[in-house]
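Visitor: Before anything else, here's the structure in question.
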Amino acid sequence: MKRIIIAVILSLSVAYVSAQSKFEQDRKAIEALAGFYKVTFNYAETFAPDTAYKYHPRYNSWGYEWAVIAEDSLKKIVIQHLLVVGDSTVIKHWREDWEYESPAMLSFDKDNT
Numbered sequence: 608m609k610r611i612i613i614a615v616i617l618s619l620s621v622a623y624v625s626a627q628s629k630f631e632q633d634r635k636a637i638e639a640l641a642g643f644y645k646v647t648f649n650y651a652e653t654f655a656p657d658t659a660y661k662y663h664p665r666y667n668s669w670g671y672e673w674a675v676i677a678e679d680s681l682k683k684i685v686i687q688h689l690l691v692v693g694d695s696t697v698i699k700h701w702r703e704d705w706e707y708e709s710p711a712m713l714s715f716d717k718d719n720t
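Here it is in structure tokens:
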């Protein structure tokens with residue numbers, strides 16, 4: 608009986624350590640996404656509230672993207688992406704919210720986005 612209890616305790620300990628190291632591995636991988644990148648992109652105007660507005664032609668361009676960690680707590684990492692185009696244009700581009708075991712789930716519902 609004593610051996611069974613010891614085996615169970617050892618198994619649980621190994622599982623706990625393995626889960627912790629996997630969690631830390633995942634956190635480090637997400638944090639490694641932050642950085643400074645040269646990027647290319649296709650520019651296209653897709654929306655104008657004024658129906659008389661004339662869209663500019665689409666074009667390909669490049670710039671630099673700075674991905675900075677905006678929030679870092681135990682179970683949540685937020686990465687904010689800033690697109691730098693030319694000498695002085697900075698665009699708050701997009702953001703990634705990484706949340707461990709989030710209680711909320713987003714789902715796609717046809718045209719209701």
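Sequential numbering from 608 applies to the sequence shown in my numbering. Note that the Cβ used here is the ideal one computed from N, Cα and C, for glycine as well.
(1) Report the residue from Glu706, Gly670, Asn719, Asp716 whose alpha carbon sits nearest the alpha carbon of glutamate 638.
(2) Determine the direct distance from the alpha carbon of lysine 635 to that of isoleucine 684, and round the result to whole angstroms.
(3) In whole angstroms, what separates the C-alpha of lysine 661 from that of glutamate 708?
(4) Helix, strand or coil, according to DSSP, for serine 628 in the structure here?
(5) Just curious, the beta strand (DSSP E) that asparagine 667 is in, first and last residue?
(6) Measuring alpha carbon to alpha carbon, tell me which residue in Asp679, Thr696, Val646 is nearest asparagine 667.
(7) Quick check: what's the CA-CA separation for leucine 713 versus glutamate 703?
(8) Taking histidine 688 as part of the beta strand (DSSP E), name the residues at either end of that continuous run.
Guide: So, from the listed chains and residues:
(1) Working through the sequence shown from its first residue, we reach residue 638 at position 31. Restricting attention to Glu706, Gly670, Asn719, Asp716, the CA atom closest to the CA of glutamate 638 is found in Glu706.
(2) Position 77 of the sequence shown holds residue 684. Position 28 of the sequence shown holds residue 635. Using only the alpha carbons, I get a separation of about 10 Å.
(3) By 1-based counting over the sequence shown, the position of residue 661 is 54. By 1-based counting over the sequence shown, the position of residue 708 is 101. Between the alpha carbons of lysine 661 and glutamate 708 lies a gap of roughly 45 Å.
(4) Position 21 of the sequence shown, counted from the start, is the residue given in the question as residue 628. Three-state result, serine 628: helix.
(5) Locating residue 667 in the sequence shown gives position 60, counting from the first residue. 666 to 680 is the extent of the beta strand (DSSP E) around asparagine 667.
(6) The sequence position of residue 667 within the sequence shown is 60, counting from 1. If we check each option's Cα against that of asparagine 667, Val646 comes out closest.
(7) Counting from one through the sequence shown, the residue named residue 713 turns up at place 106. Counting from one through the sequence shown, the residue named residue 703 turns up at place 96. Their backbone Cα atoms lie some 14 Å apart in a straight line.
(8) For this step, residue 688 is matched to residue 81 along the sequence shown. Note, histidine 688: beta strand (DSSP E), 683 to 692.
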